[in-house]
Amino acid sequence: MKKKMDDYKLDGKENWEKFKTEFNHDMDELGQAFKDLTVKNVK
Numbered sequence: 003m004k005k006k007m008d009d010y011k012l013d014g015k016e017n018w019e020k021f022k023t024e025f026n027h028d029m030d031e032l033g034q035a036f037k038d039l040t041v042k043n044v045k
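Using the numbering used here, you'd call the opening residue of the sequence shown number 3 and step up by one each time.
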């Protein structure tokens, strides 16, 4: 991930902004996945 971040920084501000948006979305999904691990599906 560090390499990917460095690559986007070198490509310019527009690509960096796109990367940040995608990264934030991915982190939100990851957080939700961890949250879903703790949900008990008892019927």
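C-beta atoms are modelled at their ideal positions from N, C-alpha and C, and glycine is treated no differently.
Alpha carbon of residue i to alpha carbon of residue j, nearest angstrom
i     : j     : result
Lys37 : Met29 : 12 Å
Thr23 : Thr40 : 27 Å
Asn17 : Phe25 : 12 Å
Phe21 : Lys4  : 12 Å
Gly14 : Glu31 : 26 Å
Ala35 : Glu19 : 24 Å
Gly33 : His27 : 10 Å
The alpha helix (DSSP H) enclosing residue i, as first and last residue numbers
i     : result
Gly33 : 15-39
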